[in-house]
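Beneath this line is the structure, given in structure tokens, with notes to follow.
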Amino acid sequence: MSTKTISITEEAYERLKSLKKNDKASFSDVILEHYPKKKKLSEVLKEMGANPELADSIEKVSREMRKAKLREVKF
111 MSTKTISITE EAYERLKSLK KNDKASFSDV ILEHYPKKKK LSEVLKEMGA
161 NPELADSIEK VSREMRKAKL REVKF
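Going by the working numbering, the residue at position 1 of the sequence shown is 111; the numbering climbs one at a time, nothing skipped.
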């Protein structure tokens, strides 16, 4: 695994250090734990399993967003 060197302030270092769960945890571990890779909505929904109520809500919001994009704005 490659590494990068970064410079941070003492305050940032102390905050990061305080988030470490133990002495063996690396700063990379802390950063990755607090800022995980973003997932696509479809991935999250698959993990959650079937939820008809949520599906209906998402469909409704999606329709409303499409309508908002189609509205003509006059200046």
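From the three backbone atoms N, C-alpha and C, an ideal C-beta is built for every residue, glycine too.
Looking from the CA of I116, the closest CA among F137, G159, R176 belongs to F137. If you ignore the 5 residues before and after K130, its C-beta comes within less than 6 angstroms of the C-beta of V140, all in its own chain and listed in chain order.
In this structure, the CA atom of R125 is about 49 angstroms from the CA atom of F185. When secondary structure is reduced to three states using DSSP, Y123 falls in the helix class.
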